[in-house]
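Worksheet: one structure, shown below.
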Amino acid sequence: MKIPRSFLTLAFLFLGMAFADAHAFLDHAEPKVGSSIKGSPTQVKVWFTQKLVAPFSQLQVFDASGHEIDKHDKKTDPSDQALLIVSVPPLKPGKYKVVWRAASVDTHVTHGDFEFEITP
Amino acid sequence: MFSSISTLRKSRNSSFQSHRSSCRTAFAAVLAATALISPGVLLGHGFEGDRFFPPTIQTDDPFATDELSLPNLSIFNNPAGDGSPKTREIDISSEFDKEIFPGFALGITGQYSVLQPKGAPSVSGWDNISVSAKYQLLQVPAHEFIFSVGVEWEIGGSGRYSLVNNYSTISPNIYFGKGFGDLPDSLKFFKPLAITGQLAEDFPVRSLDSNVFEWGFAVEYSLPYLEQHVKDTGMVRPFRDMIPLVEFAMQTPENRGGGGTTGTINPGVLWEGRYCQIGAEAMIPVNRQSGPNIGMVFNVQIYIDDIFPKLFGHPIFGGSENSLSSGTSK
């Protein structure tokens, strides 16, 4: 079957051009998404699929009653700008919710949340 | 050879199949023009709350965003009937949508078709061009819900004369999408489920052909949603970037002896890459009138808002200059 030349031209035009950065999605986290762990972490870390713009990105941790319990010191890792970190105080056993907002370097914004649990 | 070659493809001559179509010179011109005059807020992609709704293949998604489907390739056998032999149909199509105002997009679609009737020479050429408008009427991010309305116009006679209908068809559409991320934690493994749907009524203009009610929906299970929002199962790539789904694309003629309901059930999978989505589905006819064999469809959806963030992913008019401080999820 003969493929129309116009299709091929447009396909190569788009696929051949230099790629920019894209939406930042959660790649993985510590503690892991939906995990149960023993003992309190000192930090919550979230790795994204793209480098972030720290001032416009957010990482918060809430306890089961909805109170924010992180130390409000969210930052990107200097050696890995796709890693967002926030410190937390010693956490008691229970469920915690991590809420993130990721602004990638090309200004796309995504957001989401996940939970983890600390068991006795 | 045949009184009307378009009868060879009667069972699938629907806006569902044509919505992923188009290209040609006009398409390239629209693409270039809109790219050059677009200012700067990055929306794009089909997000509602935490949910990313992927562009589906057989039915249109409810989002009025910048989208480029290129190409869409389907292979399907149309049944014999009404004096026409069984006919293999190969369609190569593309669709381009551009957000004009926030939540309002215009699209253009087209398709190149090859018809291979059994025992007769094949026929090929451009199908009719379709243009469309879509508006996002209601969005409830907390419940991952969206409802949109739109209209499509298949421009009669714009394709190869012997291959297409010479009359136009106007099709009002409604679209919806619902993610189930708001289910209780006791049902957490159902949270990655989502459903999208499209209902349309085809009104042929100045034709004795039947009005057709088109109804389709897609049931999706998003493995990225599972891994990012519910439970990190340790699934490796490329599987954690996949969205298994089943699409239903049905047509029910309503008058003028249009016949019974036809359509296909389309199980498949979408793979979400950084700059594109690649999808494949089987096309299983729901009855003998819909087709004698299983077909296949392949689709590449190019995320032009990620590849050209300064040109796409934002409306031409009415967007703010900086989305970073807006708090939206797009």
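Protein sequence lines, in the order shown, are assigned to chains A and B. As numbered in my numbering, residues 1 to 120 make up the first sequence, in order. As numbered in my numbering, residues 1 to 330 make up the second sequence, in order. Where is the CB? At the ideal position from N, CA and C, for every residue including glycine.
Residue i, DSSP secondary structure in three states
| i | result |
| --- | --- |
| residue 51 of chain A | coil |
| residue 129 of chain B | coil |
| residue 225 of chain B | helix |
| residue 314 of chain B | coil |
| residue 121 of chain A | As shown, chain A starts at 1 and ends at 120. That puts residue 121 of chain A outside it, with no answer to give. |
| residue 186 of chain B | helix |
| residue 240 of chain B | helix |
| residue 28 of chain A | strand |
| residue 80 of chain B | coil |
| residue 307 of chain B | helix |
| residue 22 of chain A | coil |
| residue 64 of chain B | coil |
| residue 172 of chain B | strand |
| residue 85 of chain B | coil |
| residue 141 of chain B | helix |
| residue 86 of chain A | strand |
| residue 61 of chain A | strand |
| residue 180 of chain B | coil |
| residue 107 of chain A | coil |
| residue 230 of chain B | helix |
| residue 116 of chain A | strand |
Check whether residue i and residue j have beta carbons under 8 Å apart
| i | j | result |
| --- | --- | --- |
| residue 230 of chain B | residue 34 of chain A | yes |
| residue 87 of chain A | residue 50 of chain A | no |
| residue 307 of chain B | residue 294 of chain B | no |
| residue 196 of chain B | residue 53 of chain B | yes |
| residue 315 of chain B | residue 99 of chain B | yes |
| residue 45 of chain B | residue 72 of chain A | no |
| residue 141 of chain B | residue 318 of chain B | no |
| residue 190 of chain B | residue 217 of chain B | no |
| residue 122 of chain B | residue 135 of chain B | no |
| residue 152 of chain B | residue 130 of chain B | yes |
| residue 250 of chain B | residue 233 of chain B | no |
Beta-carbon neighbours of residue i, restricted to chain B and to distances below 9 Å
| i | result |
| --- | --- |
| residue 32 of chain A | 231, 232, 234 |
| residue 63 of chain A | Ordered by position in chain B, no residue passes the 9 Å Cβ test against residue 63 of chain A, which lies about 15 Å from the chain. |
From the options, residue whose alpha carbon lies closest to that of residue i
| i | options | result |
| --- | --- | --- |
| residue 286 of chain B | B/205, B/252, B/234 | B/252 |
| residue 291 of chain B | B/89, B/155, B/146 | B/89 |
| residue 220 of chain B | B/311, B/193, B/75, B/141 | B/193 |
| residue 204 of chain B | B/234, B/156, B/174 | B/156 |
| residue 27 of chain A | A/69, A/52, A/47 | A/47 |
| residue 86 of chain B | B/258, B/176, B/78 | B/78 |
| residue 110 of chain B | B/124, B/94, B/118, B/125 | B/94 |
| residue 82 of chain B | B/305, B/258, B/266 | B/258 |
| residue 91 of chain B | B/302, B/301, B/313, B/297 | B/297 |
| residue 311 of chain B | B/59, B/143, B/209, B/65 | B/65 |
| residue 48 of chain B | B/301, B/179, B/113 | B/179 |
| residue 55 of chain B | B/226, B/97, B/128, B/174 | B/97 |
| residue 74 of chain A | A/68, A/90, A/57 | A/57 |
| residue 74 of chain B | B/305, B/267, B/280 | B/280 |
| residue 175 of chain B | B/313, B/59, B/50, B/299 | B/59 |
| residue 55 of chain A | A/114, A/117, A/100, A/115 | A/100 |
| residue 39 of chain A | A/95, A/107, A/59, A/81 | A/95 |
Contact set between residue i and chain B, taken where Cβ atoms lie within less than 7 Å
| i | result |
| --- | --- |
| residue 35 of chain A | 232 |
Environment of residue i [buried if 16+ CB atoms lie within 10 Å]
| i | result |
| --- | --- |
| residue 241 of chain B | buried |
| residue 109 of chain A | buried |
| residue 112 of chain A | buried |
| residue 98 of chain A | buried |
| residue 184 of chain B | exposed |
| residue 119 of chain A | exposed |
| residue 78 of chain A | exposed |
| residue 33 of chain B | Its pLDDT being 38, under 50, residue 33 of chain B is placed unreliably in this model, and the value from its coordinates should be taken loosely. When all chains shown are included, residue 33 of chain B counts as exposed. |
| residue 43 of chain B | Confidence is the limiting factor: at residue 43 of chain B the pLDDT is only 44, short of 50, which leaves the residue's position unreliable, though a coordinate-based value still follows. Result: buried. |
| residue 256 of chain B | exposed |
| residue 106 of chain B | buried |
| residue 138 of chain B | exposed |
| residue 161 of chain B | exposed |
| residue 172 of chain B | exposed |
| residue 208 of chain B | exposed |
Test: residue i CB closer than 8 Å to a CB of chain E
| i | result |
| --- | --- |
| residue 61 of chain B | In the displayed structure, chain E is absent; the protein chains listed are A and B. |
Contacts that residue i makes with chain A (C-beta to C-beta distance below 7 Å)
| i | result |
| --- | --- |
| residue 91 of chain B | Ordered by position in chain A, no residue passes the 7 Å Cβ test against residue 91 of chain B, which lies about 11 Å from the chain. |
Where residue i meets chain A, residues with beta-carbon distance less than 8 Å
| i | result |
| --- | --- |
| residue 228 of chain B | 25, 26, 33, 112, 114 |
| residue 221 of chain B | The premise fails here: residue 221 of chain B is roughly 16 Å from chain A at the closest Cβ pair, so nothing lies under 8 Å. |
| residue 175 of chain B | Here the premise fails: no neighbours, minimum Cβ distance about 22 Å. |
Cross-chain neighbours of residue i in chain A, by beta carbon under 9 Å
| i | result |
| --- | --- |
| residue 161 of chain B | Those within 9 Å of residue 161 of chain B in chain A number zero; the least Cβ separation is about 18 Å. |
Neighbour list for residue i in chain B, Cβ cutoff strictly below 8 Å
| i | result |
| --- | --- |
| residue 76 of chain A | Chain B residues near residue 76 of chain A: none, gap ~15 Å exceeds 8 Å. |
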